[in-house]
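**Q**
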Amino acid sequence: MPILASACYGKDNVRVYKVHRDEKTGVQSVTEMTVCCLLEGEIDASYTQADNSVVVATDSIKNTIYIKAKEHPVNPPELYASHLGNHFLSRYPHISAAHIKVVVHRWTRMSIDGSPHPHSFFRDGEETRNVEATISRSSPSQKGSDVQFDLKSSIAGLSVLKSTGSAFHGFVRDEFTTLPETWDRILSTDIDCTWTWKRFASLAEVQDSVEKFDKAWESARAIIMKTFATDDSASVQNTMYKMCEQILKAVPEVDKTAFSLPNKHYFEIDLSWHKGIKNTGKDAEVYAPQSGPNGLIKCEVARDVSMVIR
């Protein structure tokens with residue numbers, strides 16, 4: 268007898284833009300987001316019995332995303348995601364959890380003739396600031412139970428490269444190995460870093476942490492940039508572990524930090540066939556960037572062993 272093991276539904280790729288206008292100074296700030304909201308709860312009948320009476324229409328979910336962006340601040344995104352998820356549990360007793368993902372796209376204020384422009388911006392990279400929030404009832408079977416907030420914040424798509432200061436040697440060598448050892452190489456990757464906050468017991472606790480969310484993002488980004496640039500890297504693995512250690516130290520409210528880094532390769536080009544041009548080893552100046560395949564290195568570092576299985 269088949270059984271519905273799990274189910275959720277909602278609206279994805281909802282694009283939201285909000286402008287904040289400071290009437291006193293005339294300065295405007297903008298935020299552009301892509302939002303996904305998925306709901307779960309007592310919705311099995313819509314799948315198994317064609318009973319739509321338990322379905323909050325995905326179009327209604329889309330409208331709610333816009334309305335809550337109007338009613339509440341969208342910065343920091345952790346707070347907006349919490350308000351949005353809390354709404355669905357407060358409004359619909361049969362919904363037990365709301366899964367919210369917010370991707371904040373990067374707009375940077377223009378500087379014109381040395382001064383910040385009040386309302387003009389440019390896209391200086393594909394880096395995004397992301398939040399994944401699960402707002403759920405402490406006891407899903409009890410419709411009136413307390414609501415808890417599990418938040419993950421992240422930086423994604425931050426492309427970095429350094430032309431030296433990276434090595435990779437001493438790895439396993441066997442009959443499958445063709446990669447030469449190197450003590451000096453190009454290191455390039457797209458940063459994907461996530462930090463998991465200690466569980467929040469209420470929306471009020473999330474609201475009280477507003478300043479901590481921005482500070483954590485700023486600290487994590489600064490640590491990533493400085494460590495990447497200054498670490499005499501023995502491997503991507505060791506460099507990302509150092510980043511995790513420092514983020515946990517800088518943000519005590521965080522339980523775990525994780526990285527997923529593609530190792531984007533730049534290969535030397537042997538040009539000796541043309542007039543004996545030297546372009547390998549210490550003479551290498553022209554390289555061929557590779558789109559794939561690439562290495563993919565991941566890790567998650569927890570504050571202590573009790574947090575590993577969470």
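Per the working numbering, the very first residue in the sequence shown carries number 268; after that it's consecutive. For glycine and all other residues, C-beta sits at the position ideal for the given N, C-alpha and C.
#1: Going by the beta-carbon positions, is the gap between T298 and V371 smaller than 8 Å?
#2: Which ranges does the beta strand (DSSP E) cover as unbroken runs of at least 3 residues, wholly within the region 346-427, from first to last along the chain?
#3: What separation, rounded to the nearest whole angstrom, lies between the Cα atoms of G352 and C511?
#4: Assuming S420 and V398 form a contact by the criterion Cβ under 8 Å, report the distance between their Cβ atoms to the nearest whole angstrom.
#5: What residues are listed by DSSP as bridge partners for M300?
#6: How many Å lie between N580 and F388 at the Cα?
#7: Can you grab the Cα-Cα spacing for the pair V503 / T547, in whole Å?
#8: Report the rounded CA-to-CA distance for K479 versus D499, giving the unit in angstroms.
#9: By the 10 Å Cβ neighbour count, where 16 or more other Cβ atoms means buried, how is Y333 classified, buried or exposed?
#10: For A319, which of helix, strand or coil comes out of DSSP?
#11: Quick one: what does DSSP say D522 is sitting in, helix, strand or coil?
#12: When the Cα of Y314 is compared with those of A272, T331, K278, A496, which residue comes out closest?
#13: Can you have a look at K565 and say buried or exposed, based on whether 16 or more other CB atoms are within 10 angstroms of its CB?
#14: Name, in chain order, the residues that DSSP records as bridge partners for D457.
#15: Check for me: the beta strand (DSSP E) holding V294 runs from which residue to which?
#16: Among D481, M507, K482, A501, which has the Cα closest to the Cα of K493?
#17: Which term fits A487, buried or exposed, when burial requires 16 or more other beta carbons within 10 angstroms of its beta carbon?
#18: Taking the CB atoms as reference points, tell me whether F416 and S363 lie closer together than 8 Å.
#19: Here's the rule: buried if 16 or more other CB atoms are within 10 angstroms of the residue's CB, otherwise exposed. What is I544?
#20: I'd like the span of the alpha helix (DSSP H) that includes V255, first residue to last.
**A** On the basis of the supplied data:
#1: yes
#2: 362-372, 375-379, 382-389, 395-404
#3: 29 Å
#4: 6 Å
#5: V283, V371
#6: What the structure shows of the chain is the stretch from 268 to 577, and residue 580 is not part of that stretch, so it cannot be assessed.
#7: 23 Å
#8: 31 Å
#9: exposed
#10: Reading off the sequence, residue 319 comes out as Asn, not Ala. Helix.
#11: strand
#12: A272
#13: exposed
#14: S426
#15: Note, V294: premise wrong, no beta strand (DSSP E); not H, not E.
#16: M507
#17: buried
#18: no
#19: exposed
#20: No answer is possible for residue 255: it lies beyond the span of the chain, which begins at 268 and ends at 577.
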